[in-house]
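Undergrad: Following this message is one structure expressed as structure tokens.
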Amino acid sequence: RKEVEQDPGPFNVPEGATVAFNCTYSNSASQSFFWYRQDCRKEPKLLMSVYSSGNEDGRFTAQLNRASQYISLLIRDSKLSDSATYLCVVNIPSGSARQLTFGSGTQLTVLP
Amino acid sequence: DGGITQSPKYLFRKEGQNVTLSCEQNLNHDAMYWYRQDPGQGLRLIYYSQIVNDFQKGDIAEGYSVSREKKESFPLTVTSAQKNPTAFYLCASSPPGRGDYNEQFFGPGTRLTVL
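Going down the list, the sequences are from chains B and X. Per the working numbering, residue 15 is the first one in the first sequence, and the count goes up by one each step. Per the working numbering, residue 20 is the first one in the second sequence, and the count goes up by one each step.
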């Protein structure tokens, strides 16, 4: 089983749609969770951290379910500019190492 | 402006040559990382450094080497021992404090192609 798993997509949605991505992680001791966005042939950029209580930033909502070991990202009122690959990122505890493990990403295309 | 810079943006190498990729940050971050990304895949950790003069192997360190002589700089050398070096290389850094697993910030990357 992969340490961090995401549905690769692609997700093709019309402008204005609501779309949700899920991500599962294997290590129940993981403490830090993030969503990154990566545009084609560019570097990943931090979209938002994911907190236990869930958090919202404008049209984006992230949630954490520790019992089921998954995190989710909800995008409301999709814009063309939201087209990108969304990476789920989780820390995998390994001694004192400050490491993050990246999922392979979910590709989103918002269509006009 | 604070940030992470990588150079060159594109790099072409002949088989059997070593090449060094530059990564510099002026964010005063302690930790720095090198990742490799292949098409359609996630990032894989090559090496990381939590402090000057110290670095650790990641998941795919074979065929790579690094140094960390200055806090701001973490160059990666791709040696001829790396069998399949064509990839997108990303450098990242992470701020101090707030626990061990802080978010990482990335440079723009270097695309290496072996001819």
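Beta carbons: idealized from backbone N, C-alpha and C, even for Gly. No experiment lies behind these values; they were computed from the predicted model shown.
1. So which residues on chain X does residue 117 (chain B) lean against when the C-beta distance must stay under 7 Å?
2. Hey, could you find the ends of the beta strand (DSSP E) residue 28 (chain B) is sitting in?
3. Listing by chain order, which chain B residues have their CB less than 7 Å from the CB of residue 123 (chain X)?
4. Taking only three categories from DSSP, how would you classify residue 61 (chain B)?
5. Taking its Cβ as the centre, do 16 or more other Cβ atoms sit within 10 Å of residue 70 (chain X), making it buried, or is it exposed?
6. Per DSSP, what are the beta-bridge partners of residue 75 (chain B) in this structure?
7. When you compare each of X:106, X:121 and X:107 to residue 113 (chain X) by their alpha carbons, which one comes out closest?
8. Roughly how many angstroms separate the alpha carbons of residue 57 (chain B) and residue 128 (chain X), rounded to a whole number?
9. To which residues of the same chain is residue 107 (chain B) closer than 6 Å at the C-beta, ignoring the five residues directly before and after it?
TA: The structure says:
1. 61
2. 25-28
3. 114
4. strand
5. exposed
6. B:70 and B:88
7. X:121
8. 6 Å
9. 43
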